[in-house]
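Novice:
Chains as they are written, first to last, in this note's numbering: chain A, 232 to 623; chain B, 41 to 450.
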């Protein structure tokens, strides 16, 4: 009997269950459709509201440029309208054998890339022996104290030169001799040289030691005669650590709320504050655009840099948003999609300030001046346009 | 048998394949699940007027009193439905756990049986999608609800006299209902969002039942002997509800609100009757009423809600009084149910009817594999509403073992 039941289960009932249940389960469920949507309470449908919020405050602030210690593709040197860029170079790879050589000359070659300011302005500089370490995060423009370099530098005028040109200037062989000795004698140091700008109308950008092209990298050419030899030999070093710091001694403009600065190198960043209370707390922010109007007159753009700005906000997944001009009528209007920033503000998890920096700020000294919250024309003040749906 | 267990596990493992259903479950606490037992499910009734040894009566605790051996019962329900409204048609399929119950007889002499069971109380399962022009950008808004309430119950029966059984059941009604609103924009400059509103429910309900299995004896009227009647009354309850609202975007998860409130479960009353036409055929019917009108759902008014009435009748048939073959032991069941549901949308009643049928297949000395089918319809196309036709298939096992019983020595 038990066997019969087992057979019955196996051969009749189980196939019956499978035969009925399988089509029901596999049921070919359709994708969601509008069928039944008319039954939804009208309040269930998502309605999107919009609000325009004008910046309540704006100013500037000093910050460490992005990637401050990373390998930067350019460095800058020069001075324009009170803004200075100092360059640092430290050549490496001196052979110990040069200790016994007589150094005839030393020459640094730089390859230009861009300029800010007067394109025809000449560049002059003072070459100082560096006395201390400068290749660290915290070393910024304000760190340029006399103790960091030998005040008695040699003054040079490099004249006027364009972008994408090579510039040569001599270097005191005493510096090089000390660097050569530092290879085997720790009482000698190689902190490199500091190039102080002494001109006033232009800042030049140069390819750094990270360039893939040896022709673009800074080089140090040493001419020498080995002991007991009459032949002048040449050594070209292109292994170099470089850096620049930039800024200006008068930074009172940072507290101005009429124009907001964004400048690389220094770096100066804009700080724009918004009161997002018109958006209900915890609302779903579907889109938020930040519109900023550039003041062309007071801006000083680099000759080669992308025409972009960055909006910055901490504590979110994507803290950087790129803005590009959407309108060239009057001052260009830069638009940023800051949805994520505003969502965080509405959640109350961050502050109400959006920061503004130039694109690639570690590699440029271009200046963007943006109309601020106190701009005389309300139409050019920073503006947020928020589309949201309330969640309760 | 091993093949059967493997089959059940295989089928059970696919039960998460819920995919939507009628939008009516958006209202109240969803679609109410009426489940009295696997046996009653096939007959179409709730089993308020049913007693006996071969099944666990989930609806009327007094119906437990005749259970002679420890009994276990568990089942699954699979359903498919076609939905129609003025916008078109669609179909869904889903599988749900139906019930699990254990009944342990304590004293056969006094009809004392303890039961523990878990049953679905309501189901929420819908998913609709609409295209909207939102802030000037086309968007797809998807609204879905999922979850429902379940009851975890302890029941006790007692027979003060041979023809009368009383029962008391305590049910803890609990469960989560999630409503999800998803907005997806065609324009990538927009951020999509998903809002989850999850309501966690919890509360207690008491059910009192009685069952007279021999009305003739009970009333002293022999002509009524084939009749049996039963009734159940359930107390109203206020379920504690905690609602958690969560906003999800591509970059953040934000708990936007945590709210607390109450949801009403109303007083309910049911009457059932049975007629043992002969030793092979039982006719039964029951009616069940719930006073949903005016119920409060988490502070919200009872829009789209009215009192509900469910009426059903059916028959159970055994081929032979004294079975000699396996086929003789198979129970055949059929019935009809009409449910004036507690949904009333835009002033239009949402009613449901279905035909039921099934078999109870013996799979051991005192065990049955119950198969049941419901075929019916719900709702209306009038007034822009939704009509669904459905097929529900249920498979369950009810088996007994001689646990906890002291066998008398010769």
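Ideal Cβ placement from N, Cα and C applies to all residues, glycine included.
1. Residue 101(B) by DSSP, collapsed to three states: which one?
2. Mind checking residue 434(B): buried by the 16 CB within 10 Å criterion, or exposed?
3. Could you work out which residues of chain A lie near residue 64(B), taking near to mean beta carbons separated by less than 8 Å?
4. In chain A, what lies closer than 9 Å to residue 292(B) by C-beta?
5. Which same chain residues end up closer than 8 Å to residue 277(B) when comparing Cβ atoms and leaving out the 5 residues on each side of it in sequence?
6. List the residues of chain A that residue 124(B) touches, going by C-beta distances under 8 Å, in chain order.
7. Check the Cβ-Cβ distances between residue 170(B) and every residue of chain A, and say whether any is below 8 Å.
8. Closest by CA to residue 288(B), which one among 566(A), 571(A) and 396(A)?
9. Any Cβ of chain A within less than 8 Å of the Cβ of residue 233(B)?
10. Tell me residue 357(B)'s beta-bridge partners as DSSP assigns them.
11. Taking C-beta to C-beta, are residue 568(A) and residue 229(B) nearer than 8 Å?
12. Name the chain A residues whose beta carbon is nearer than 8 Å to that of residue 166(B)?
13. Does DSSP put residue 409(A) in a helix, in a strand, or in coil?
14. Does the beta carbon of residue 589(A) sit closer than 8 Å to a beta carbon anywhere in chain B?
15. Kindly indicate which three-state DSSP category residue 80(B) falls into: helix, strand or coil?
16. Counting C-beta neighbours from all protein chains within 10 Å, is the total for residue 186(B) 16 or more, i.e. buried, or is it exposed?
17. Let me check understanding here. Comparing Cα to Cα, which of 614(A), 611(A) and 546(A) lies closest to residue 582(A)?
18. Over what stretch of residues does the alpha helix (DSSP H) that includes residue 578(A) continue unbroken?
19. Do residue 165(B) and residue 61(B) have their beta-carbon atoms positioned less than 8 Å apart in this structure?
20. Using a Cβ-Cβ cut-off of less than 9 Å, give me the residues of the segment 319-350 of chain A that come near chain B, in sequence order.
21. Name the chain B residues whose beta carbon is nearer than 9 Å to that of residue 487(A)?
22. Residues of chain A with a CB under 7 Å from the CB of residue 217(B): which are they?
23. DSSP beta-bridge partners for residue 267(B)?
24. Taking Cβ positions only, does residue 223(B) come closer than 8 Å to chain A?
25. Kindly provide the ranges of any alpha helix (DSSP H) runs that are 4 or more residues long and lie completely inside the segment 246-315 of chain B, ordered along the chain.
26. Residues bridged to residue 425(A) by DSSP?
27. Any residues in the segment 277-290 of chain A with a beta carbon nearer than 9 Å to a beta carbon of chain D? Which ones, in chain order?
28. Please list, in chain order, the residues of the segment 507-518 of chain A that have any C-beta partner in chain B closer than 9 Å.
29. Skipping 5 residues on each side, what residues in its chain have a beta carbon closer than 7 Å to that of residue 146(B)?
30. Checking contacts by CB at 8 Å: is residue 256(A) closer than that to chain B?
31. Kindly indicate which three-state DSSP category residue 53(B) falls into: helix, strand or coil?
32. Check each candidate in 375(B), 384(B), 202(B) and 140(B) and name the one with the smallest Cα separation from residue 323(B).
33. Which bits of chain B does residue 622(A) rub up against, with CB to CB less than 7 Å?
34. Leaving out five residues on either side along the sequence, give the residues of the same chain with a beta carbon under 8 Å from the beta carbon of residue 190(B).
35. Grouping DSSP H, G and I as helix and E and B as strand, with all else coil, what is residue 476(A)?
36. At a cut of 8 Å, does the segment 590-610 of chain A reach the segment 286-294 of chain A through at least three beta carbon pairs?
Specialist: Quick look at the numbers:
1. helix
2. Result: buried.
3. 270
4. 547, 548, 571, 574, 575, 578 and 580
5. The beta carbon of residue 277(B) sits closer than 8 Å to those of 213, 243, 244, 245, 304 and 305, all from its chain and outside the five residues before and after it, given in chain order.
6. Contact annotation for residue 124(B) against chain A: 266 [CB-CB distance below 8 Å, chain order].
7. yes
8. The residue with the shortest Cα to Cα distance from residue 288(B) is 571(A).
9. yes
10. 321(B) and 372(B)
11. yes
12. 267
13. helix
14. Closer than 8 Å: no.
15. helix
16. buried
17. 546(A)
18. 570-578
19. yes
20. For the segment 319-350 of chain A, which is checked against every Cβ of chain B, not one residue is closer than 9 Å.
21. Ordered by position in chain B, no residue passes the 9 Å Cβ test against residue 487(A), which lies about 32 Å from the chain.
22. Within chain A, no residue comes near residue 217(B); the closest Cβ sits about 14 Å away, beyond 7 Å.
23. DSSP, once it has assigned bridges, lists 315(B) as partnering residue 267(B).
24. Yes, contact with chain A.
25. 255-259
26. 319(A) and 359(A)
27. Looking for chain D here will not work: the only protein chains present are A and B.
28. 512, 513, 514, 515, 516, 517 and 518
29. 152, 153 and 154
30. Residue confidence is low: residue 256(A) scores 49 on pLDDT, short of 50, so the model does not pin down where it sits. No coordinate-derived value is stated.
31. The predicted position of residue 53(B) is uncertain, since its pLDDT is 38 and thus under 50; no value can be drawn from it.
32. 375(B)
33. Under a criterion of Cβ atoms nearer than 7 Å, the residues of chain B adjacent to residue 622(A) are, in order, 235, 285, 287 and 296.
34. If you ignore the 5 residues before and after residue 190(B), its C-beta comes within less than 8 Å of the C-beta of 158, 159, 160, 161, 213, 214 and 215, all in its own chain and listed in chain order.
35. strand
36. yes
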